[in-house]
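Student: Keeping their order, the protein sequence lines are chains A and B.
Going by our numbering, the letters in the first sequence line up with residues 13 to 126, in that order.
Going by our numbering, the letters in the second sequence line up with residues 192 to 302, in that order.
C-beta atoms are modelled at their ideal positions from N, C-alpha and C, and glycine is treated no differently.
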Amino acid sequence: EPEVTQTPSHQVTQMGQEVILRCVPISNHLYFYWYRQILGQKVEFLVSFYNNEISEKSEIFDDQFSVERPDGSNFTLKIRSTKLEDSAMYFCASVQILSGNTIYFGEGSWLTVV
Amino acid sequence: KNEVEQSPQNLTAQEGEFITINCSYSVGISALHWLQQHPGGGIVSLFMLSSGKKKHGRLIATINIQEKHSSLHITASHPRDSAVYICAVRSGGGGADGLTFGKGTHLIIQP
Numbered sequence: 013e014p015e016v017t018q019t020p021s022h023q024v025t026q027m028g029q030e031v032i033l034r035c036v037p038i039s040n041h042l043y044f045y046w047y048r049q050i051l052g053q054k055v056e057f058l059v060s061f062y063n064n065e066i067s068e069k070s071e072i073f074d075d076q077f078s079v080e081r082p083d084g085s086n087f088t089l090k091i092r093s094t095k096l097e098d099s100a101m102y103f104c105a106s107v108q109i110l111s112g113n114t115i116y117f118g119e120g121s122w123l124t125v126v
Numbered sequence: 192k193n194e195v196e197q198s199p200q201n202l203t204a205q206e207g208e209f210i211t212i213n214c215s216y217s218v219g220i221s222a223l224h225w226l227q228q229h230p231g232g233g234i235v236s237l238f239m240l241s242s243g244k245k246k247h248g249r250l251i252a253t254i255n256i257q258e259k260h261s262s263l264h265i266t267a268s269h270p271r272d273s274a275v276y277i278c279a280v281r282s283g284g285g286g287a288d289g290l291t292f293g294k295g296t297h298l299i300i301q302p
């Protein structure tokens, strides 16, 4: 069974610090996503990525967030200056093609900002 | 912006019962996903629907595009089915649009 892998599984960081969350999508997938879930709340879309550029982003994905695919396999989410309200589970997901394809989620990276 | 509503929010049932979870959305979509989230947090895709009905083992998912409504059914429920079930939709706008999620239905199956 193919899987999306995420690292770290859990990170604690000081407010104002930069954080990079890493994801390795499934190798033949073309569309990549970051979602977040604040504790006790619903999952929210952050950003989608296709053909080496951002395809869509939500209003949550402001200037403190960035994504990149530096080496053709990893897909990273960077938070430049973390705030307390960035504490959440961050999920990476990938899809092979949009129509008729299953979306695969990673196990998540739990970020705690203190 | 699509609004996704699920009901019930919480459901406790006895092993063997037939379970139905409902999802409604406000704007036309290109696809609807049913997802399962376990206590550890991981999310697994159960179904992706754009029309009709799909079945996988004891799980059945249906969608009515005209009524903007989908249901997830679990037959012969088992304690291992206990999880949060989430409905999520992709808008009809095309492109790599992100999913809009419902709040989830917390299901507990008691032995």
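(1) Quick check on B/Leu-237: does DSSP put it in helix, strand or coil?
(2) How about B/Ile-290: is its C-beta nearer than 9 Å to some C-beta of chain A?
(3) When the cut-off is 9 Å and only beta carbons count, does B/Gly-295 lie next to chain A?
(4) Could you check whether the Cβ of B/Val-218 sits closer than 8 Å to any heavy atom belonging to the ligand SAM?
(5) When DSSP labels each residue in this structure, what does A/Glu-30 get in the three-state scheme?
(6) Looking at the unbroken beta strand (DSSP E) that takes in B/Thr-253, where does it start and where does it end?
(7) Pick out whichever of B/Thr-211, B/Ser-262, B/His-224 and B/Ile-254 has its Cα sitting closest to the Cα of B/Thr-291.
(8) At a CB distance below 9 Å, what residues from the stretch 206 to 228 of chain B approach chain A? Give them in sequence order.
(9) Kindly indicate which residue of B/Gly-289, B/Glu-194 and B/Ala-204 has the alpha-carbon position closest to the one of B/Ala-267.
(10) Among the residues of its own chain, which have a CB less than 8 Å from the CB of B/Ala-222, if the five just before and after it don't count?
(11) Relative to the C-alpha of A/Leu-96, which residue among A/Leu-89, A/Phe-117 and A/Val-126 is closest?
(12) In chain order, what residues of the same chain lie with their CB nearer than 7 Å to the CB of B/Pro-199, ignoring the 5 residues before and after it?
(13) Within 8 Å, do at least three Cβ pairs link the stretch 99 to 118 of chain A to the stretch 24 to 39 of chain A?
(14) List the residues of chain A that B/Ile-277 touches, going by C-beta distances under 9 Å, in chain order.
(15) Pick out whichever of A/Phe-57, A/Gln-29 and A/Phe-61 has its Cα sitting closest to the Cα of A/Gln-108.
(16) For A/Glu-80 and chain B, any beta-carbon pair shorter than 9 Å?
(17) Expressed to the nearest angstrom, what Euclidean distance is found between the alpha-carbon atoms of A/Asp-83 and B/Gly-233?
(18) Show which residues of chain A have a CB atom less than 7 Å away from the CB atom of B/Ile-234.
(19) Going by Cα to Cα distance, which pick from B/Gly-289, B/Glu-208, B/Ser-273 and B/His-264 is closest to B/Lys-244?
Tutor: Let me lay it out:
(1) For this step, residue 237 of chain B is matched to residue 46 along the second sequence. Reduced to three states, the DSSP call for B/Leu-237 is strand.
(2) As a first step, residue 290 of chain B must be located in the second sequence, where it is residue number 99. Reading the sequence as shown, one finds Leu at residue 290 of chain B and not Ile. For B/Leu-290, the answer is yes, since a Cβ of chain A falls inside 9 Å of its Cβ.
(3) The residue labelled residue 295 of chain B in the question sits at position 104 within the second sequence. At least one chain A Cβ lies under 9 Å of B/Gly-295.
(4) Of ligands this structure carries none, so the ligand SAM is not represented either.
(5) Walking along the first sequence from the start, residue 30 of chain A turns up at place 18. Three-state result, A/Glu-30: coil.
(6) For the purposes of this step, residue 253 of chain B is taken as residue 62 along the second sequence, with counting starting at 1. That run of the beta strand (DSSP E) goes 250 to 255.
(7) For the purposes of this step, residue 291 of chain B is taken as the residue at position 100 of the second sequence. Looking at the Cα atoms, B/His-224 is the closest of the given residues.
(8) Ser-221, Ala-222, His-224, Leu-226 and Gln-228
(9) Here the question's residue 267 of chain B lines up with position 76 in the second sequence. The candidate whose alpha carbon is nearest that of B/Ala-267 is B/Ala-204.
(10) Numbered from its first residue, the second sequence carries residue 222 of chain B at position 31. Answer for B/Ala-222: Met-239, Leu-240, Ser-241, Val-280 and Arg-281, listed in chain order.
(11) To locate residue 96 of chain A, count along the first sequence from 1; it is residue 84. Nearest of A/Leu-89, A/Phe-117 and A/Val-126 to A/Leu-96, Cα basis: A/Val-126.
(12) As a position in the second sequence, residue 199 of chain B is number 8, starting the count at 1. Taken in chain order, the residues that qualify are Thr-296.
(13) yes
(14) Mapped onto the second sequence, residue 277 of chain B falls at position 86. The answer, in chain order, is Lys-54 and Val-55.
(15) If you number the first sequence from 1, residue 108 of chain A lands on position 96. Minimum Cα distance to A/Gln-108 is reached at A/Phe-61.
(16) Position 68 of the first sequence, counting from 1, holds the residue named residue 80 of chain A. No, A/Glu-80 lies away from the interface with chain B (no Cβ there is under 9 Å from its Cβ).
(17) As a working note, residue 83 of chain A is residue 71 in the first sequence. As a working note, residue 233 of chain B is residue 42 in the second sequence. Each residue's Cα considered, the two are about 26 Å apart.
(18) Within the second sequence, numbered from 1, the residue matching residue 234 of chain B stands at position 43. The answer, in chain order, is Phe-103 and Phe-117.
(19) Looking up residue 244 of chain B in the second sequence gives position 53. The shortest Cα separation from B/Lys-244 among B/Gly-289, B/Glu-208, B/Ser-273 and B/His-264 belongs to B/His-264.
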